[in-house]
Amino acid sequence: QVQLVESGGGLVQAGGSLRLSCVASLRTYVMGWFRQAPGKEREFVAGIRWSGDWIYYADSVKGRFTIFRDTGKRTVYLQMNSLKPEDTAVYYCAGARSFGPEYDYWGQGTQVTVSS
Numbered sequence: 021q022v023q024l025v026e027s028g029g030g031l032v033q034a035g036g037s038l039r040l041s042c043v044a045s046l047r048t049y050v051m052g053w054f055r056q057a058p059g060k061e062r063e064f065v066a067g068i069r070w071s072g073d074w075i076y077y078a079d080s081v082k083g084r085f086t087i088f089r090d091t092g093k094r095t096v097y098l099q100m101n102s103l104k105p106e107d108t109a110v111y112y113c114a115g116a117r118s119f120g121p122e123y124d125y126w127g128q129g130t131q132v133t134v135s136s
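Listed below in structure tokens is the structure:
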């Protein structure tokens, strides 16, 4: 069983930045960040293969968010710049054993709140 622990959430003003971190007990094939805003469904934000040769972003965050990993620390990061109030959500780290839309392991989530 892979355990994922997120950190780095908080309250920030619009236009500000935050960096989320996710430490994995074991490396999976792919790591992703998702978010869920109140009253909305969970949505994909960004994904990265541990090898680093595949990275993908949701259109809503392209150019503002960057996903990267430190393999030695088994940590995946989500650097969030130019934050908007609509980025407010609980952000979840997830791991997948194989390449595809399904993720097998989930963290507990970290709250990101962007004030206007």
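Take any residue in the sequence shown, count from 1 to its spot, add 20: that is its number in the working numbering. Using N, Cα and C, we set each Cβ at its ideal position, and we do this for glycine too.
Query: Cβ-based neighbour list, S136, same chain, cut-off 6 Å, excluding 5 preceding and 5 following; Result: A34, P105
Query: Contact set for V81: own chain, Cβ-Cβ below 7 Å, skip 5 residues either direction; Result: V65, A66
Query: Contact belief for G30 with L24 at Cβ below 8 Å, rounded distance in angstroms; Result: Not a contact, Cβ separation roughly 19 Å.
Query: Nearest candidate by alpha-carbon position, reference R89, set W126, D79, D124, W74; Result: W74
Query: CA-to-CA distance, R84 to S102, given in whole angstroms; Result: 6 Å
Query: Start-to-end residues for the beta strand (DSSP E) that takes in D90; Result: 85-90
Query: Cβ-based burial, Q115 [other Cβ within 10 Å; buried from 16]; Result: The sequence given here places Gly at residue 115; Gln does not occur at that position. So G115 ends up on the buried side.
Query: Same chain, Cβ closer than 6 Å to R69, five either side skipped, listed in chain order; Result: V50
Query: Distance, Q21 Cα to S41 Cα; Result: 19 Å
Query: C-beta atoms of C113 and G127 nearer than 8 Å; Result: yes
Query: Collapsed DSSP secondary structure at E61 in the structure displayed; Result: coil
Query: 8 Å Cβ cutoff, G52 in contact with chain C; Result: In the structure shown, chain C does not exist; there is a single protein chain.
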